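Below is one structure; the comments refer to it alone.
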Amino acid sequence: MAGRQLTQGERSDASKRALVDATMRIIADEGYRSTTVARIQEEAGVSRGLVGYHFGSKQGLMEAVLTTIRDSYVSQVLRRKEQDLPGLEAIELMLDSYLSRLGRDPVPAKVVLVLALESVGDLAELRQAMATRLAEMRAEFEEWIVRGIEDGTVRADADPAGTAVYLGGILRGITLQFLVDPDGFDLDEARRAAVSSVVNGLRP
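With full-length UniProt numbering, the residue at position 198 of the sequence shown is 198, and numbering never jumps.
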């Protein structure tokens, strides 16, 4: 008995996912400059023209890659966001889940780090995509800090904007060290230390 044929929508979703996955593999292995549209489509095993069809441009594809990675890292927090998660608990969960995921599957974090480092050069379209993603992360942290101040789990004098930058720096700094020298330190110990330091520093 033949299997059920995919609908047009399912085929479209599958090709978009294949393009995102192929882009991530190429970036992780070879860097951003190897991600030509032709190379991505070949790696994904899809027809020519589908990058433009699905994402509008290569920049649009990079934004989709960053969004996919973001969703995979913060999904646990976002799933509980509607349950009125206290602000400090949301921050703690975000840091813990991000760094735990880093140890299990470092490829998404490596992709983000490669893109971030290459975006400081002459690649304006990449810089814009990264700037947007970093701004989104800061906004998420700011929202949780403000929520924590309002619900009493974060001290009242905490600076939401400045603390959001600091929290992003913790994640990026640990990620960089782990990707460069994964055997140089115990990631679980670093994760526990980072979470404890942040929570104790923000708690009233």
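C-beta atoms are modelled at their ideal positions from N, C-alpha and C, and glycine is treated no differently.
Note that the structure is predicted; figures quoted are calculated from it, not measured.
Notebook entry, point to check: Quick one, are the C-beta atoms of Gly87 and Arg147 less than 7 Å apart?
Noted result: Yes, the pair counts as a contact, with Cβ atoms nearer than the cut-off.
Notebook entry, point to check: Count the other CB atoms within 10 Å of the CB of Ala129; is the residue buried (16 or more) or exposed (fewer)?
Noted result: Buried, because 16 or more other Cβ atoms sit within 10 Å of the Cβ of Ala129.
Check: Near Lys16, which residues of its chain fall below 6 Å by C-beta distance, leaving aside the five closest residues on each side in sequence?
Finding: Spatial neighbours of Lys16 in its own chain (CB-CB distance under 6 Å, excluding positions within 5 residues in sequence) are listed in chain order as His54.
Checklist line | Where Met1 falls: helix, strand or coil (DSSP) | finding: Annotation note: pLDDT 43 at Met1 (below 50); position unreliable, no value reported.
Margin query: Between the stretch 98 to 117 and the stretch 172 to 179, can you find at least three pairs of beta-carbon atoms closer than 8 Å?
Written below: Look at the beta carbons and you see the stretch 172 to 179 touching the stretch 98 to 117: at least three pairs across the two are nearer than 8 Å.
Check: To which residues of the same chain is Met1 closer than 7 Å at the C-beta, ignoring the five residues directly before and after it?
Finding: With a pLDDT of 43 at Met1, under the threshold of 50, the modelled position of that residue is not reliable, and the figure given next carries that caveat. Cβ neighbours of Met1 beyond the five flanking positions: none.
Notebook entry, point to check: Just to confirm, are Val195 and Leu95 a CB contact at a threshold of 7 Å?
Noted result: A contact, by the Cβ cut-off of 7 Å.
Note to self: So, under 8 Å CB-CB, Leu202 and Ala158 are touching, yes? Tell me the CB distance rounded to an integer number of Å.
What the structure shows: Between Leu202 and Ala158, the beta carbon gap of about 6 Å places them in contact (Cβ cut-off 8 Å).
Notebook entry, point to check: Taking DSSP as the reference, what is the three-state secondary structure of Asp29?
Noted result: Asp29 sits in a helix when the DSSP states are folded into three classes.
Checklist line | Any non-hydrogen atom of the ligand SAM within 6 Å of Arg191 CB | finding: Within the structure as shown, the ligand SAM is missing, as the structure has no ligands at all.
Next item on the list: Just list the alpha helix (DSSP H) runs in the stretch 15 to 76, keeping only unbroken ones of 4 residues or longer that don't cross its boundaries, in chain order.
Entry: You should have 37 to 44 and 50 to 55.
Next item on the list: Under the assumption that Ala18 contacts Val51 (Cβ atoms under 8 Å), give the Cβ distance between them as a whole number of angstroms.
Entry: Wrong, their Cβ atoms sit about 11 Å apart, outside the cutoff.
Next item on the list: Could you confirm whether any beta carbon from chain B is found closer than 7 Å to the beta carbon of Leu176?
Entry: In summary, chain B is missing from the structure at hand, where a single protein chain is found.
Notebook entry, point to check: Distance, Cα to Cα, Tyr98 vs Leu171?
Noted result: One alpha carbon belongs to Tyr98, the other to Leu171, and they sit about 8 Å apart.
Notebook entry, point to check: Between the C-alpha atoms of Asp29 and Arg104, what's the straight-line distance to the nearest angstrom?
Noted result: The alpha-carbon atoms of Asp29 and Arg104 are separated by roughly 18 Å.
Next item on the list: Check the C-beta distance from Val198 over to Ile91 and give it rounded, since I have them as a contact under 8 Å.
Entry: Confirmed, Cβ separation roughly 7 Å.
Item checked: Beta-carbon gap between Ala64 and Val20 smaller than 7 Å -> Contact: yes.
Check: The alpha helix (DSSP H) with Val165 in it runs from where to where?
Finding: Taken as a continuous stretch (DSSP letters only), the alpha helix (DSSP H) holding Val165 covers Pro160 to Val180.
Checklist line | Backbone CA spacing between Gly162 and Thr68 [nearest angstrom] | finding: Taking the straight line joining both Cα atoms gives about 26 Å.
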